[in-house]
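S.K.:
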Amino acid sequence: MEKLNIQRLKSSLQYLESKQRELKRNSESQNRSIESIIKYLKKDIIDQFKLANYDIYINQEVKNTELFIDSVQKIIESNS
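Numbered by my numbering, the letters in the sequence shown go through residues 288 to 367 in order.
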């Protein structure tokens with residue numbers, strides 16, 4: 288993975304992490320929209336950076352955001 292893509296992936300991951308933290312601290316009424324954003328972000332990150340080429344299980348990990356974040360961090364570390 289190119290350095291520029293790694294930097295962009297890091298930024299995308301940081302944004303996803305911030306939304307995950309926001310989801311944890313917000314009230315129930317606001318959670319649906321944040322959950323939708325998180326779901327969209329994860330799918331976009333996979334597609335945009337072609338993460339299935341780096342981790343064959345990444346599509347299965349989409350359901351669990353914490354596991355997804357860990358997997359993306361491992362991909363970043365191994366390609367830095």
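Where is the CB? At the ideal position from N, CA and C, for every residue including glycine.
1. Would the beta-carbon of L300 fall within 9 Å of that of I345?
2. Can you tell me whether L291 is buried or exposed? The criterion is at least 16 other CB atoms within 10 Å of its CB, across all chains shown.
3. By how many angstroms is the C-alpha of K306 removed from the C-alpha of I325?
4. Which residue wins for smallest C-alpha separation from K329, given the options E348, Q294, I362 and N318?
5. Given Y302, which residues of its chain have a CB within under 8 Å of its CB, disregarding the five upstream and five downstream residues?
M.R.: Short version:
1. no
2. exposed
3. A direct Cα-to-Cα measurement between I325 and K306 gives close to 7 Å.
4. E348
5. L328
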